[in-house]
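Novice: Dropping the structure in here first, questions after.
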Ligand code: SDX
C-alpha cells in the first residue's frame with residue numbers, strides 16, 4: 015500500500031499521507047487539504063466514508079462480522095467476562111486484576127447514591143414521559159449536584175467523575191422505570207454485585223425481599239456487555255463531539271442518550287418489538303411487512319435489520335439470538351413473538367431485496383425479546399441499551415480528552431442564495 019495519496023484538482027496535484035491502522039485499515043490524512051488547496055473540502059453526509067478520529071478502543075470488521083473490545087473478541091468477553099470487567103477494559107485498556115476490579119467496584123459503590131433532590135426532578139415528569147427523555151434530563155441534572163465532574167483535566171479528576179457516573183447511572187435507570195410504574199424509589203445494596211444491584215433496584219417489591227435469579231443476572235450481564243461499545247456510532251460520535259468543547263462528562267453522556275433515542279439507532283429495539291407485535295396482531299402476516307419494507311413509497315423499514323458497518327451478520331445478534339432461546343426456555347416463557355422474529359429473519363435472509371443490500375439482523379432485532387421475558391417494559395428497552403453503552407461512551411470521551419483532540423467543527427458546502435441587498439417590506 016502506498017504511503018501517500020495524490021489528488022489532482024484543476025491540473026494541480028496535491029499529495030496527502032496515507033496512514034494504516036493496526037488492523038490494516040487505510041485512511042487518507044486530509045488535515046492539510048483545505049490549506050494546501052486554498053479552500054477545497056470533502057463532502058460526506060452521514061460520514062459513511064469519513065473517519066473522525068483514531069481510536070484504540072473498539073474494532074469492527076463489517077464485512078467479516080468481527081467485533082473486538084481492546085483486542086478481545088466479543089464472543090469471548092460475552093462468555094467469560096462480567097460487565098464491570100468489560101467496563102474497566104474499555105475505559106482503561108486492560109482487563110483488571112482482581113485487586114484492580116475490587117477497588118474499581120468499591121469506588122463505584124462509594125458513589126452509588128444520588129442527591130435526594132433528584133427525586134423532585136423525577137416527580138415533575140408525567141408518568142407518560144418516555145424514559146429516554148427522563149434519563150437524559152436526570153443525567154444532565156447530575157452535573158448540578160456534582161460540579162467537580164465538569165472541569166476534569168487530570169486523569170484523577172476524570173477517574174472520580176467516571177466512578178461517580180457508573181455508581182449513579184444505574185439508579186437513574188431503575189428510578190426511571192419505577193416512576194413509570196408508580197413504584198417507590200429504592201436503592202439497592204452495597205453488598206450486591208453491580209448487575210445484581212441493578213436488578214434489585216429495578217424490580218424489588220417494597221413489601222418483600224428481592225430474590226436474585228441467576229438466569230436474569232447472566233442474561234442482563236451478557237446483554238450489557240454486548241451493548242458496551244461500538245466504535246464511532248451516532249451516539250458515541252455525539253458524546254465525543256459534545257465533550258470536545260470541554261463540556262462535562264455527564265452532559266456529554268446526556269447528549270449521547272438523546273442521540274441513542276432515535277428509532278434508526280438505539281430506539282430500534284423498542285421499534286422492533288412494536289413491529290413484531292403489529293405483525294402478531296395482523297395474524298402473523300410477515301409478507302405484508304416485508305412488502306412495506308421494500309416499498310420505496312412506504313417509510314416503514316424492517317426494524318432491527320441493516321447496519322451502517324455490518325454487511326454481514328452483526329456478531330452481537332448471533333449471540334443474543336442464542337441467548338433469547340436459552341433465557342426463554344430457562345424462564346419457561348412461551349413468546350409467540352420469538353417465532354415471528356425467527357420467521358421474519360428467515361424470509362428476509364432469502365429475499366433478494368435484503369440479500370442484495372446486505373441487510374442482516376442487528377443487535378436490536380432479538381434483544382427486546384429477552385428484555386420482555388425479563389419483565390422489562392418495551393419503553394425501557396432503549397434505556398437498557400444506554401445502560402450497556404455507558405462504559406463505551408465513557409471510554410471514548412476519556413480517549414478524546416486525554417488525547418487533547420480539537421473541538422469538533424465540520425465544514426459545509428454552501429448551496430444557498432448568493433449576496434442580495436436587503437429589501438424593505440413594502441417591496442417584498
Ligand atoms: C444500531 O452504528 C452503529 O454501530 C449502531 C449500533 C450500535 O451498537 O451503536 O450498531 C446500534 O443503531 C443498530 C441499527 C438499529 N437500527 C435499525 O434497526 C433501524 C432499521 N435499519 C435502518 O434504518 C438502516 O439499516 C440503518 C440506519 C441501520 C443503516 O442505514 P444506512 O447504512 O444509512 O443504509 P441506507 O439507509 O443507506 O440503506 C441502504 C439501502 C437503502 O435502499 P436503496 O436506497 O439502496 O434502495 O438499504 C435499505 C435502504 O432503503 N435499507 C432498508 C433497511 N435498512 C436499509 N430497507 C428496509 N428495511 C431496513 N431496515
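Residue numbers (the working numbering): 15 to 442.
Just so it is clear, CB atoms sit at the ideal spot from N, CA and C, and this is done for glycine as well.
Just list the residues that DSSP pairs residue 273 with in beta bridges.
Specialist: Residue mapping note: residue 273 aligns to position 259 of the chain shown, counting from 1. DSSP, once it has assigned bridges, lists no residue as partnering residue 273.
Novice: Is the Cβ-Cβ distance between residue 409 and residue 243 less than 9 Å?
Specialist: Taking the chain shown and counting its residues from 1, the one referred to as residue 409 is at position 395. Taking the chain shown and counting its residues from 1, the one referred to as residue 243 is at position 229. Their beta carbons are under 9 Å apart, which means residue 409 touches residue 243 by this criterion.
Novice: Does residue 418 come out as helix, strand or coil in the three-state DSSP assignment?
Specialist: Here residue 418 refers to the residue found at position 404 when the chain shown is read from its first residue. Of the three classes helix, strand and coil, the one that applies to residue 418 here is coil, per DSSP.
Novice: Say yes only if the C-beta of residue 253 is nearer than 8 Å to one or more non-hydrogen atoms of the ligand SDX, and no if none qualify.
Specialist: Residue 253 sits at position 239 when you count from the first residue of the chain shown. No, the Cβ of residue 253 stays beyond 8 Å of every heavy atom of the ligand SDX.
Novice: Under a Cβ-count criterion, where at least 16 other Cβ atoms within 10 Å of its own Cβ denotes burial, should residue 253 be classed as buried or exposed?
Specialist: As a working note, residue 253 is residue 239 in the chain shown. It counts as buried.
Novice: Quick check: what's the CA-CA separation for residue 81 versus residue 73?
Specialist: Along the chain shown, one-based indexing puts residue 81 at 67. Along the chain shown, one-based indexing puts residue 73 at 59. Answer to the nearest angstrom: the Cα atoms are 6 Å apart.
Novice: Report yes if the CB atom of residue 157 is closer than 9 Å to the CB atom of residue 264, and no otherwise.
Specialist: In the chain shown, the residue the question calls residue 157 occupies position 143. In the chain shown, the residue the question calls residue 264 occupies position 250. In this structure, residue 264 lies closer than 9 Å to residue 157 by Cβ.
Novice: Closer than 8 Å to a non-hydrogen atom of the ligand SDX - does that hold for the CB of residue 69?
Specialist: In the chain shown, residue 69 corresponds to position 55, counting from 1. Flag unset: Cβ of residue 69 not near the ligand SDX.
Novice: Return the residue from the list 437, 218, 119 that minimises the CA-CA distance to residue 179.
Specialist: Within the chain shown, residue 179 is the residue found at index 165, counting from 1. That would be 119, whose Cα lies nearest to the Cα of residue 179.
Novice: Does DSSP classify residue 203 as helix, strand or coil?
Specialist: In the chain shown, counting from the first residue as 1, residue 203 sits at position 189. In the structure shown, residue 203 sits in coil (DSSP, three-state: anything other than H, G, I, E or B).
Novice: Confirm, please, whether the CB-CB distance from residue 403 to residue 172 is below 9 Å.
Specialist: As a position in the chain shown, residue 172 is number 158, starting the count at 1. As a position in the chain shown, residue 403 is number 389, starting the count at 1. Going by C-beta atoms, residue 172 is not nearer than 9 Å to residue 403.
Novice: Could you tell me whether the Cβ atoms of residue 249 and residue 181 are closer together than 9 Å?
Specialist: For the purposes of this step, residue 249 is taken as residue 235 along the chain shown, with counting starting at 1. For the purposes of this step, residue 181 is taken as residue 167 along the chain shown, with counting starting at 1. Contact flag unset, no.
Novice: Pull the bridge partners of residue 186 from the DSSP assignment, please.
Specialist: Here residue 186 refers to the residue found at position 172 when the chain shown is read from its first residue. Answer by DSSP bridge pairing: none, since residue 186 is not bridged.
Novice: Between the C-alpha atoms of residue 83 and residue 177, what's the straight-line distance to the nearest angstrom?
Specialist: The sequence position of residue 83 within the chain shown is 69, counting from 1. The sequence position of residue 177 within the chain shown is 163, counting from 1. Cα to Cα, residue 83 sits roughly 20 Å from residue 177.
Novice: So the beta strand (DSSP E) residue 329 belongs to, where does it begin and stop?
Specialist: Translated into the one-based positions of the chain shown, residue 329 becomes position 315. Not the beta strand (DSSP E): residue 329 falls in the alpha helix (DSSP H), residues 329-345.
Novice: Comparing alpha-carbon positions, which option in 105, 62, 351 lies nearest residue 415?
Specialist: Position 401 of the chain shown, counted from the start, is the residue given in the question as residue 415. For the residues 105, 62, 351, the minimum Cα distance to residue 415 belongs to 105.
Novice: In the DSSP assignment, the alpha helix (DSSP H) including residue 46 goes from what residue to what residue?
Specialist: Position 32 of the chain shown, counted from the first residue, corresponds to residue 46. Per DSSP, residue 46 belongs to no alpha helix (DSSP H) and is neither H nor E.
Novice: For residue 34, which three-state DSSP category applies?
Specialist: On the chain shown, residue 34 is found 20 positions in, with the first residue counted as 1. Of the three classes helix, strand and coil, the one that applies to residue 34 here is strand, per DSSP.
Novice: Please state whether DSSP places residue 386 in a helix, a strand or coil.
Specialist: As a working mapping, residue 386 is identified with position 372 in the chain shown. Residue state, collapsed to three classes: helix.
Novice: Using only CA atoms, which one of 92, 127, 86, 126 lies nearest to residue 108?
Specialist: Walking along the chain shown from the start, residue 108 turns up at place 94. Nearest option by C-alpha distance: 86.
Novice: Is DSSP giving residue 87 helix, strand or coil here?
Specialist: Your numbering for residue 87 matches position 73 in the chain shown. Looking at residue 87 - three-state DSSP - the assignment turns out to be strand.
Novice: Can you have a look at residue 433 and say buried or exposed, based on whether 16 or more other CB atoms are within 10 angstroms of its CB?
Specialist: The residue given as residue 433 occupies position 419 in the chain shown. Under this definition residue 433 is an exposed residue.
Novice: Residue 266 and residue 421: beta carbons closer than 9 Å?
Specialist: Within the chain shown, residue 266 is the residue found at index 252, counting from 1. Within the chain shown, residue 421 is the residue found at index 407, counting from 1. No, they are not a contact pair.
Novice: The alpha helix (DSSP H) with residue 355 in it runs from where to where?
Specialist: In the chain shown, counting from the first residue as 1, residue 355 sits at position 341. Segment 350-364, the alpha helix (DSSP H) holding residue 355.
Novice: What is the rounded straight-line gap between the Cα of residue 358 and the Cα of residue 15?
Specialist: Translated into positions along the chain shown, residue 358 becomes position 344. Translated into positions along the chain shown, residue 15 becomes position 1. So the two alpha carbons sit approximately 42 Å from each other.
Novice: DSSP three-state call for residue 75: helix, strand or coil?
Specialist: Working through the chain shown from its first residue, we reach residue 75 at position 61. Three-state result, residue 75: strand.
Novice: Using DSSP with H/G/I as helix, E/B as strand and the rest coil, what is residue 55?
Specialist: Locating residue 55 in the chain shown gives position 41, counting from the first residue. Three-state DSSP puts residue 55 in coil, outside helix and strand.
Novice: If you compare alpha carbons, which of 64, 58, 76 is closest to residue 324?
Specialist: The residue labelled residue 324 in the question sits at position 310 within the chain shown. Comparing Cα-Cα distances from residue 324 to each of 64, 58, 76, the minimum goes to 76.
Novice: Nearer than 8 Å: is that true of the beta carbon of residue 98 relative to any heavy atom of the ligand SDX?
Specialist: Locating residue 98 in the chain shown gives position 84, counting from the first residue. Because no heavy atom of the ligand SDX lies under 8 Å away, the Cβ of residue 98 does not count as near it: no.
Novice: Based on Cα-Cα distance, which residue from 20, 78, 441, 36 lies nearest to residue 42?
Specialist: Residue 42 sits at position 28 when you count from the first residue of the chain shown. Nearest option by C-alpha distance: 20.
Novice: Under DSSP, the beta strand (DSSP E) around residue 20 begins and ends at which residues?
Specialist: Stepping through the chain shown from its first residue, residue 20 is reached at position 6. Start and end: 18-23.
Novice: For residue 18, would you say it is in contact with chain B, using Cβ-to-Cβ distances shorter than 9 Å as the test?
Specialist: This model lacks chain B altogether, as it is built from one protein chain only.
Novice: Would you tell me roughly how many angstroms separate the C-alpha atoms of residue 38 and residue 32, rounded to the nearest one?
Specialist: Counting from 1 along the chain shown, the entry for residue 38 is found at position 24. Counting from 1 along the chain shown, the entry for residue 32 is found at position 18. If I take the Cα positions, the gap works out to 12 Å.
Novice: Spell out the partners DSSP gives residue 81 in its beta bridges.
Specialist: On the chain shown, position 67 is the one that residue 81 refers to. The partner list for residue 81 (beta bridge, DSSP) reads 74.
Novice: Apart from the five residues just before and just after residue 316, which ones in its own chain have a Cβ nearer than 8 Å to its Cβ?
Specialist: Mapped onto the chain shown, residue 316 falls at position 302. Closer than 8 Å at Cβ, skipping near neighbours: 289, 303, 304, 307, 358, 362, 368, 373.
Novice: Contact check, residue 234 vs residue 209 under 8 Å by CB: the rounded distance?
Specialist: Locating residue 234 in the chain shown gives position 220, where the first residue counts as 1. Locating residue 209 in the chain shown gives position 195, where the first residue counts as 1. Contact flag correct, Cβ pair sits at about 5 Å.
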